[in-house]
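Trainee: In our numbering, the protein residues as written are 1 to 238. We treat Cβ as the ideally placed atom computed from N, Cα and C, and that holds for glycine.
(1) For residue 191, does the three-state DSSP call read helix, strand or coil?
(2) Helix or strand or just coil, what does DSSP make of residue 111?
(3) So what does residue 95 bridge to, in DSSP terms?
(4) Let me confirm a value: residue 184 is counted as buried when at least 16 other C-beta atoms fall within 10 Å, else exposed. Which label applies?
(5) Could you give the first and the last residue of the continuous alpha helix (DSSP H) run that contains residue 163?
(6) Between the Cα of residue 222 and those of 167, 95, 176, 159, spot the shortest distance and give me the residue it belongs to.
(7) Let me know if residue 229 comes out buried or exposed under the rule of 16 or more other beta-carbons within 10 Å of its beta-carbon.
(8) Between the Cα of residue 66 and those of 149, 136, 54, spot the shortest distance and give me the residue it belongs to.
(9) Measuring straight from C-alpha to C-alpha, what distance separates residue 29 and residue 39?
(10) Within 8 Å, do at least three Cβ pairs link the segment 109–125 to the segment 80–96?
(11) Can you tell me the Cβ-Cβ gap for residue 139 and residue 42, rounded? I've got them flagged as a contact below 8 Å.
(12) Please report the residue range of the alpha helix (DSSP H) in which residue 135 lies.
(13) Across the segment 114–121 and the segment 181–199, are there enough close Cβ pairs to call them in contact, namely three or more that are closer than 8 Å?
(14) Should residue 165 be labelled buried (16 or more other beta-carbon atoms within 10 Å of its own) or exposed?
(15) To the nearest angstrom, how far is the alpha carbon of residue 196 from that of residue 187?
(16) Residues in its own chain within less than 8 Å of residue 152 by CB, not counting five upstream and five downstream?
(17) Roughly how many angstroms lie between the CA atoms of residue 35 and residue 134, to the nearest whole one?
(18) Between residue 51 and residue 219, what straight-line distance do the alpha-carbon atoms span, to the nearest angstrom?
(19) Among 73, 64, 60, 62, which one has its Cα closest to the Cα of residue 47?
(20) Please classify residue 86: does DSSP put it in a helix, a strand, or coil?
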């Protein structure tokens, strides 16, 4: 009722003010239309993305493909809408109890985005797991996260060349957990931040099982630097 009263008063003020204010309102309407057009374009882009991802599976059942495509589209739209309507400022500034440091803007953004209804995630995963086999589900999740599981695993394999099968399995488990959690975040920066949480777990696991992650990482960096320096020297002599 209060909104209706405000709207009526607004219309009356337009009629009293005359053509000048009416022109301003017309411009505002144009701005709203532009915003609506932007939303339509964004929706179309998300629909195209979902269609491309599902098309990559080469499903032979058109009805199944549509169910998966619709579920992915609905999820992408829900993630976008929650992100856009929930800025980091909705999370009060404060300290991270694990570190004592002030929460960063990214911390606060992750916190507020993590409060979206659980059904947003569960509804998507229910359709994916009921309509697709495990490799196809992984393919869709990899599309969301731009292949970060494989890319990050290769990094660990390079840094720890004698990585055992048990260690690799634990790291892969953590990275897959990161992937499924990360699909509920809109930006690549947010997705990367989620992966950082699980990368820390991987490194703690290695440390707790006889490895020294800091030394391993330093040795890898030194090796890469030495290789680059050797290549430079080789180019100079040629």
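Mentor: By the coordinates alone:
(1) As a first step, residue 191 is located in the chain shown; it is residue number 191 there, counting from the start. In the structure shown, residue 191 sits in a helix (DSSP, three-state: H, G or I).
(2) Numbered from 1 along the chain shown, position 111 holds the residue referred to as residue 111. Looking at residue 111 - three-state DSSP - the assignment turns out to be helix.
(3) As a first step, residue 95 is located in the chain shown; it is residue number 95 there, counting from the start. Residue 95 is bridged to 102.
(4) The residue labelled residue 184 in the question sits at position 184 within the chain shown. Result: buried.
(5) Position 163 of the chain shown, counted from the start, is the residue given in the question as residue 163. Run containing residue 163: none; DSSP gives neither H nor E here.
(6) By 1-based counting over the chain shown, the position of residue 222 is 222. For the residues 167, 95, 176, 159, the minimum Cα distance to residue 222 belongs to 159.
(7) Position 229 of the chain shown, counted from the first residue, corresponds to residue 229. That one is exposed.
(8) Counted from its first residue, the chain shown places residue 66 at position 66. Closest by alpha carbon: 54.
(9) In the chain shown, residue 29 corresponds to position 29, counting from 1. In the chain shown, residue 39 corresponds to position 39, counting from 1. Low local confidence applies: a pLDDT of 44 at residue 29 is under 50, so the model's placement there is unreliable, and no value is given.
(10) yes
(11) Position 139 of the chain shown, counting from 1, holds the residue named residue 139. Position 42 of the chain shown, counting from 1, holds the residue named residue 42. Going by Cβ atoms, the distance from residue 139 to residue 42 rounds to 24 Å, so no, they are not a contact pair.
(12) Mapped onto the chain shown, residue 135 falls at position 135. Note, residue 135: alpha helix (DSSP H), 134–144.
(13) yes
(14) By one-based count along the chain shown, residue 165 stands at place 165. Exposed, by the Cβ-count rule.
(15) Along the chain shown, read from residue 1 onward, the residue named residue 196 stands at position 196. Along the chain shown, read from residue 1 onward, the residue named residue 187 stands at position 187. One C-alpha to the other measures close to 14 Å.
(16) The count along the chain shown starts at 1 and reaches residue 152 at position 152. Result list for residue 152: 175, 195, 199, in chain order.
(17) For the purposes of this step, residue 35 is taken as the residue at position 35 of the chain shown. For the purposes of this step, residue 134 is taken as the residue at position 134 of the chain shown. Going from the Cα of residue 35 to the Cα of residue 134 covers about 39 Å.
(18) Numbered from 1 along the chain shown, position 51 holds the residue referred to as residue 51. Numbered from 1 along the chain shown, position 219 holds the residue referred to as residue 219. Straight-line Cα distance between these residues: approximately 44 Å.
(19) Taking the first residue of the chain shown as position 1, residue 47 is located at position 47. Comparing Cα-Cα distances from residue 47 to each of 73, 64, 60, 62, the minimum goes to 73.
(20) As a working note, residue 86 is residue 86 in the chain shown. Correct three-state label for residue 86: coil.
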